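Only one structure is covered here, and it is reproduced in the block below.
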Amino acid sequence: MNGILITWPQLLYAGLALLVFYVAELLLFLRKANSPHHIPRQIQQRIETMTGEMAGLRQELELLKVRLAANSMQQAWVVEHHGDVVPEGAALAPSLAETPYAHAIRLARTGADSAAVAQQCGISRGEADLIVALYRAEGLR
24 MNGILITWPQ LLYAGLALLV FYVAELLLFL RKANSPHHIP RQIQQRIETM TGEMAGLRQE
84 LELLKVRLAA NSMQQAWVVE HHGDVVPEGA ALAPSLAETP YAHAIRLART GADSAAVAQQ
144 CGISRGEADL IVALYRAEGL R
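Heads up: the sequence shown is residues 24 to 164, going by this note's numbering.
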């Protein structure tokens, strides 16, 4: 037999070396997995700033939605009661300007709760909650 002869002790040493190699590789991968990803502080602060700005923009968007709904309801009320359409940007007469939504907004700015706003203005409780939340917060700024 002219083949390569491997004895049991040599096979044991080779297996032990292979085991040490895999344990070292496992420890290296675990160390990499547990190390925090280092995001530069400046980028992290910028992300936090942008997150705050986005929250403010979302709140402003909700406020604009309520105002748009109030304006469309106001215009529908004017058309229903007076039969003519008010042109865009035209000011309403003071007697026509007090729609239920305008009254609700005025009450919310004075600090009325949503139940009172809903009852006095004849709007739903959900609408009153939204108007009170938006316009009371606007008054606190």
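Quick reminder that beta carbons are idealized off the backbone N, C-alpha and C, glycines included. Only a predicted model underlies this, so the values are computations on that prediction, with no experimental measurement involved.
Helix or strand or just coil, what does DSSP make of residue i?
i	result
Ser147	coil
Ser170	Missing from the structure shown is residue 170; the chain here goes from 24 to 164 and no further.
Asp136	coil
Pro117	Note that Pro117 has pLDDT 46, beneath the 50 cutoff, so the model's placement of it is unreliable and no number is given.
Leu28	coil
Pro123	helix
Pull up the CB-CB distance for residue i and residue j, whole angstroms please, since I reckon it's below 8 Å.
i	j	result
Ala156	Val140	So it is not a contact: roughly 11 Å between Cβ atoms.
Tyr158	Ala131	4 Å
Considering only residues of the same chain and omitting the five flanking positions on each side of residue i, which have a CB-CB separation below 7 Å?
i	result
Leu153	Val89
Trp100	Thr122
Asn74	Asn is not the amino acid found at residue 74; the sequence shown has Thr there. Closer than 7 Å at the Cβ level, and outside the excluded window around Thr74, lies no residue.
Are three or more beta carbon pairs between the segment 144-151 and the segment 78-87 nearer than 8 Å? In short, these stretches do not touch, since the Cβ pair count stays below three.
- Three or more beta-carbon pairs under 8 Å between the segment 122-137 and the segment 86-94, yes or no? As far as the Cβ criterion goes, the segment 122-137 touches the segment 86-94, which means the pair count is three or higher.
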